[in-house]
Structure formats: C-alpha cells, structure tokens
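Asks: Residue numbers (our numbering), protein chains in the order written: chain U, 51 to 198; chain S, 51 to 198. Once you've had a glance at the structure underneath, I'll fire off some questions.
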DNA sequence: TACAATTCCTATCACAGTAGTATGTTTTTA
DNA sequence: TAAAAACATACTACTGTGATAGGAATTGTA
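Structure below.
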C-alpha cells in the first residue's frame, strides 16, 4: 500500500479542474499552476481518462473535463486510478501460510489499515475539495512570485 | 507512506516472541516458522533492537526478547522502527507551493489518511496480537506440511 | 487552408528502495 | 572446544518512481 506523487499531482490537477468551470483545462495550464512536470501530468491524466474519471477534448482549446459531477468522484477513485487498488499488499494469497489467514493474527491489522485508508479517501469528493480550494484561493491567492 | 514486507515479517516475528515465554527466540527459529528469509530477518531484528523494541542475548541459546511488556509495544512502534515515520510523504515542506498549506486543499486529505493509519496502528499492541495468535494456534496449529 | 494548440502514443532513463544473498567475526553456552 | 547464536558489512538483482524526449494525430481559429 503506497501513496506517491502520482496521487498528489493527480488530485491537485483534478481539484483545479473541478474548481474551474465547465470549459476544458489543458495539461499545460494545470502543470504550470501547481509546478507539476507537464509531460508527467499528461501521463497521469491519460490514466485518469482510462479509469473514466475525466474526459478529454482534443485539438486546440482542448483539455480535460470531469467525466461525472464533482460530487460523485471520490478521492478514492482518483487514487485507485493512479496507484492501483488500495489493499494490503502484504499477507496476500501468494504466501503459503498467510493463505489460511486463520494462522496469522497480524494479518487482521493490515486489513484494518487499508479499510481505514479507504474510509478516509472515499469520504472526500472532488466537490468538497474544490469548495475548499475556492475558499483558499479567495483568501490567499497563489501568485507566480510568492510574497516571501 | 508505504507498508512493505519489512513490517509484515517484523510483526510476525514479534508476535511470535510475545506469544512465547520469556526465553529468547533465535532469528533462525522465527524465520523457519513464518518462512522468512533468515538473513533478512536478522536485519529487521537489528533495526528493532536499534529502535529499542527488542533486546538481544548473544551466544548459544541466545536470541531476542521484547525490551518492554508486550502490552506497551504498539504496532505503530514496530512499523515506524522498520519503515520510518508514518507521515504523508507528499505535500511536504520541500514543495514551494505546499509549504504554505493554506494554498492546498488536497493536502488536508493526506494528513487525514496518515492520522487514520497511525490511529489503527497505535491501537493494537503486541499483547493483543499475541493473544489472538495463541488462540489461532490452539484451533489451527501451523504444520510444516499444510493439510492441503 | 495553414497554423498553433492540444491530446495521444511510445520509448527511454536515472535513481532509490526493496528484498535478499554472502561471508564472515564475535560472543556465549554446553 | 565446538556449536549456536548475534553482529557487521558488503553486495546484487529487481522493481517502481518520477521523470524526459520526440513525435503523430486531432481540431479550433485566423
């Protein structure tokens, strides 16, 4: 079970898309605001498209839009699209002994951990975060040259 | 934030130590029961010793014992000894924008995730797991040749 | 119709971490 | 004295992460 920069970048981009209007946002635009390597972000957006989280609009003035209402996209969906399923990578079926989890008291803890993570991630939607973000932007807008 | 085989192996070994008596258990013994590569386990036990989770007894008939009562060792302590601190690896101070977390709505989610993980891990102790394990062993003892 | 903006596709790469192996040495008990 | 054990150190194969590179296909707009 791991959370990497893929989730961080992807979520930042999606919150930005959700906080904006209905017009598509280009990868370049998004990458500039959050200082995400543009070509890397392209790959993440491709993964999010494959997972059905976003739709793309090709050509000039194109970009990405959410495939569903922001309130219906959980952070869990985003993370799983980018990192694979949130599940205990350990204590899996491969291990002869842990196959019969009746033998392994520790296994229960790993299960509880991934349940807890899924719980947190599925309880926040892009709509929630977009709202928060709009509020933050209003109070402390991001500038190209930070006030220092 | 990651959980790897280090935690899995280490916790299995410690539960075994806790479920046993007061006499030291050798790395070899532990590695055989749970099919953990012996030399790898040695390294994990060394890390656990450095972190003050176990004490070692050198020489023949030596091995490892818990450094404190099992009820006072949380799974969190074990995991952090083996994997490093459980904290959101992302949205850290390094990033110019996320330094002022006032700009980043997504960051709050990562914080909640690691809080949830820490919560689960710190709510289970080696004494709990050792109890579970003893019960499991009584019902379905681990055999070298699984019944298949 | 040309051009620029954009997604899309594929390949490559450096680096770090994981998981594990190897080869001893020191210490201690029996 | 011999065996069992921790301790120390180095090495290796492999994988995933976080990119970069170069172009091809698509599409709005001047």
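Ideal placement from N, C-alpha and C gives every residue a C-beta, glycine not left out. In this text, all values refer to a predicted model and were calculated from it rather than measured experimentally.
Using a Cβ-Cβ cutoff of less than 8 Å, which residues in the same chain neighbour residue 66 of chain U once the five nearest sequence positions on both sides are dropped?
Replies: Looking up residue 66 of chain U in the first chain gives position 16. Excluding residues within five positions, the ones whose Cβ falls inside 8 Å are 75, 80, 83, 84, 183.
Asks: Any heavy atom of the ligand ADP inside 7 Å of the beta-carbon of residue 55 of chain S?
Replies: Judged by which ligands are present, the structure shown has none, so any question about the ligand ADP falls away.
Asks: Find the nearest neighbour of residue 132 of chain U within the set U:101, U:72, U:71, judged by alpha-carbon distance.
Replies: On the first chain, residue 132 of chain U is found 82 positions in, with the first residue counted as 1. When each option's Cα is compared against that of residue 132 of chain U, the closest is U:101.
Asks: Taking 8 Å as the CB-CB limit, is residue 52 of chain S close to chain U?
Replies: Start at 1 with the first residue of the second chain, and residue 52 of chain S comes out as number 2. Taking Cβ atoms only, chain U reaches closer than 8 Å to residue 52 of chain S, which makes this a yes.
Asks: Give me the residue from U:69, U:87, U:167, U:77 with the minimum Cα distance to residue 130 of chain U.
Replies: By one-based count along the first chain, residue 130 of chain U stands at place 80. Nearest of U:69, U:87, U:167, U:77 to residue 130 of chain U, Cα basis: U:167.
Asks: Residue 98 of chain U to residue 123 of chain S, Cα distance in whole Å?
Replies: By one-based count along the first chain, residue 98 of chain U stands at place 48. By one-based count along the second chain, residue 123 of chain S stands at place 73. Each residue's Cα considered, the two are about 41 Å apart.
Asks: Is there a Cβ from chain U that is less than 8 Å from the Cβ of residue 29 of chain S?
Replies: Because residue 29 of chain S is not part of the residues shown, which for chain S are 51 to 198, the question remains open.
Asks: For residue 93 of chain U, tell me which candidate among U:59, U:125, U:176 has the shortest Cα-Cα distance.
Replies: Residue 93 of chain U sits at position 43 when you count from the first residue of the first chain. That would be U:59, whose Cα lies nearest to the Cα of residue 93 of chain U.
Asks: Ignoring anything shorter than 3 residues or poking outside the segment 68-143 of chain S, list the beta strand (DSSP E) runs there in chain order.
Replies: 104-107, 113-116
Asks: Which one or two residues does DSSP pair with residue 52 of chain S in a beta bridge?
Replies: As a working mapping, residue 52 of chain S is identified with position 2 in the second chain. Note: residue 52 of chain S sits in a beta bridge opposite U:52.
Asks: For the alpha helix (DSSP H) holding residue 172 of chain S, just list the boundary residues, first then last.
Replies: Taking the second chain and counting its residues from 1, the one referred to as residue 172 of chain S is at position 122. Taken as a continuous stretch (DSSP letters only), the alpha helix (DSSP H) holding residue 172 of chain S covers 156-172.
Asks: Roughly how many whole angstroms lie between the Cα atoms of residue 211 of chain U and residue 157 of chain S?
Replies: The displayed coordinates of chain U run from 51 to 198. Any statement about residue 211 of chain U would go beyond what the structure contains.
Asks: For residue 118 of chain U, which residues of its own chain have a beta-carbon under 7 Å away from its beta-carbon, when the five flanking residues on both sides are left out?
Replies: Against the first chain, residue 118 of chain U aligns to sequence position 68. Excluding sequence neighbours, residue 118 of chain U sits near nothing in its chain.
Asks: Please confirm whether residue 171 of chain S has its beta-carbon closer than 8 Å to some beta-carbon of chain U.
Replies: Translated into the one-based positions of the second chain, residue 171 of chain S becomes position 121. For residue 171 of chain S, the answer is yes, since a Cβ of chain U falls inside 8 Å of its Cβ.
Asks: Does the beta-carbon distance from residue 176 of chain S to residue 126 of chain S come in below 8 Å?
Replies: Counting from 1 along the second chain, the entry for residue 176 of chain S is found at position 126. Counting from 1 along the second chain, the entry for residue 126 of chain S is found at position 76. In this structure, residue 126 of chain S does not lie closer than 8 Å to residue 176 of chain S by Cβ.
Asks: At a CB-CB cut-off below 9 Å, which residues of chain U make contact with residue 94 of chain S?
Replies: Start at 1 with the first residue of the second chain, and residue 94 of chain S comes out as number 44. The contacting residues do not exist; residue 94 of chain S stays about 13 Å from chain U at best.
Asks: Would you please verify whether the beta carbon of residue 120 of chain U is less than 8 Å from any beta carbon of chain S?
Replies: Reading the first chain from its first residue, position 70 is the one you call residue 120 of chain U. Answer no: the Cβ-Cβ gap between residue 120 of chain U and chain S never drops below 8 Å.
Asks: Suppose the cutoff is 6 Å on Cβ atoms and the five residues either side in sequence are ignored; what does the same chain contact list for residue 179 of chain S look like?
Replies: Looking up residue 179 of chain S in the second chain gives position 129. Contacts found: 65.
Asks: So that I know if they touch, is there some Cβ in chain U lying closer than 8 Å to that of residue 115 of chain S?
Replies: For the purposes of this step, residue 115 of chain S is identified with residue 65 of the second chain, where counting begins at 1. So no, residue 115 of chain S is outside the interface.
Asks: Ignore the nearest five residues each way along the sequence and tell me which others in residue 155 of chain S's own chain have a CB closer than 7 Å to its CB.
Replies: Working through the second chain from its first residue, we reach residue 155 of chain S at position 105. So the list is empty, once near-sequence residues are dropped.
Asks: For the segment 71-102 of chain U, enumerate the residues whose C-beta is nearer than 7 Å to any C-beta of chain S, in chain order.
Replies: 84, 85
Asks: Roughly how far, in whole angstroms, is the beta-carbon of residue 95 of chain S from the beta-carbon of residue 63 of chain S, given that I think they are within contact range, below 8 Å?
Replies: As a working note, residue 95 of chain S is residue 45 in the second chain. As a working note, residue 63 of chain S is residue 13 in the second chain. The pair is a contact, with the Cβ atoms about 7 Å apart (cut-off 8 Å).
Asks: Can you pull the chain S neighbours of residue 104 of chain U, defined as C-beta to C-beta under 8 Å?
Replies: Taking the first residue of the first chain as 1, we reach residue 104 of chain U at position 54. Here the premise fails: no neighbours, minimum Cβ distance about 16 Å.
Asks: Compare the C-beta of residue 179 of chain U against all C-beta atoms of chain S and say whether one is closer than 8 Å.
Replies: Indexing the first chain from 1 puts residue 179 of chain U at position 129. Chain S, which has a Cβ nearer than 8 Å to the Cβ of residue 179 of chain U, makes this yes.
Asks: Return the residue from the list U:159, U:107, U:188 that minimises the CA-CA distance to residue 153 of chain S.
Replies: Along the second chain, read from residue 1 onward, the residue named residue 153 of chain S stands at position 103. Taking only the C-alpha atoms, the option nearest residue 153 of chain S is U:188.
Asks: Identify, in the order they occur along the chain, each residue of the same chain with its Cβ nearer than 6 Å to the Cβ of residue 135 of chain U, setting aside the five sequence neighbours on each side.
Replies: Taking the first residue of the first chain as position 1, residue 135 of chain U is located at position 85. Nothing meets the Cβ criterion.
Asks: In chain S, which residues lie with their C-beta within 7 Å of the C-beta of residue 174 of chain U?
Replies: Looking up residue 174 of chain U in the first chain gives position 124. Those within 7 Å of residue 174 of chain U in chain S are 159.
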